[in-house]
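Going by numbering that gives the first Met the number 0, the first residue of the sequence shown is number 0, and it counts up by one from there.
Glycine included, each C-beta is placed from N, C-alpha and C at the ideal position.
Read through the structure below, which is laid out as structure tokens, and then see the notes.
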Amino acid sequence: MEFQDKVLKCIDCGGEFIFTAGEQLFFHDKQFKNEPKRCKACKAKRVSVLNVPAPGQTYRFTKVETQATCSGCGKQTTVPFRPTQGRPVFCRECFQARRTAATA
């Protein structure tokens with residue numbers, strides 16, 4: 000199937016934009032049924048208003064690592080969360096042992 004550039008009208012700003020042959024091929028490969036309705040500027044504005052990352056962007060989460068003493072064996076360990084006071088913290092070995100004991 001051969002695609003040719005199309006001129007489309009943006010539903011937000013009313014301006015014209017080009018729906019390229021490459022974009023059409025991409026839409027066809029992804030089996031998208033509808034053509035784009037917004038120009039790139041209006042689409043970016045809409046995405047930022049909806050607080051969704053634009054294509055190619057990701058949310059960055061900071062990884063938390065906390066030093067703690069294992070409640071099972073007493074050795075120093077690092078856990079991927081901030082421990083809640085009053086709750087036990089286990090090293091990997093003790094955690095795995097408790098998990099296998101609970102499923103048995």
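Per DSSP, cross-strand counterpart(s) of phenylalanine 18 | In the DSSP secondary-structure assignment, phenylalanine 18 is bridged to Lys5.
From Glu64, Leu7, Arg98 and Cys12, pick the residue whose C-alpha is nearest to that of alanine 20; which is it?
-> The residue among Glu64, Leu7, Arg98 and Cys12 with its C-alpha nearest the C-alpha of alanine 20 is Leu7.
Cα-Cα separation, arginine 86 to leucine 49 | Using only the alpha carbons, I get a separation of about 38 Å.
What did DSSP end up calling alanine 67 once you bin it into helix, strand or coil?
-> In the three-state scheme derived from DSSP, where H, G and I count as helix and E and B as strand, alanine 67 is classed as strand.
State the beta-bridge partners of valine 78 as determined by DSSP.
-> Paired residues: Thr65.
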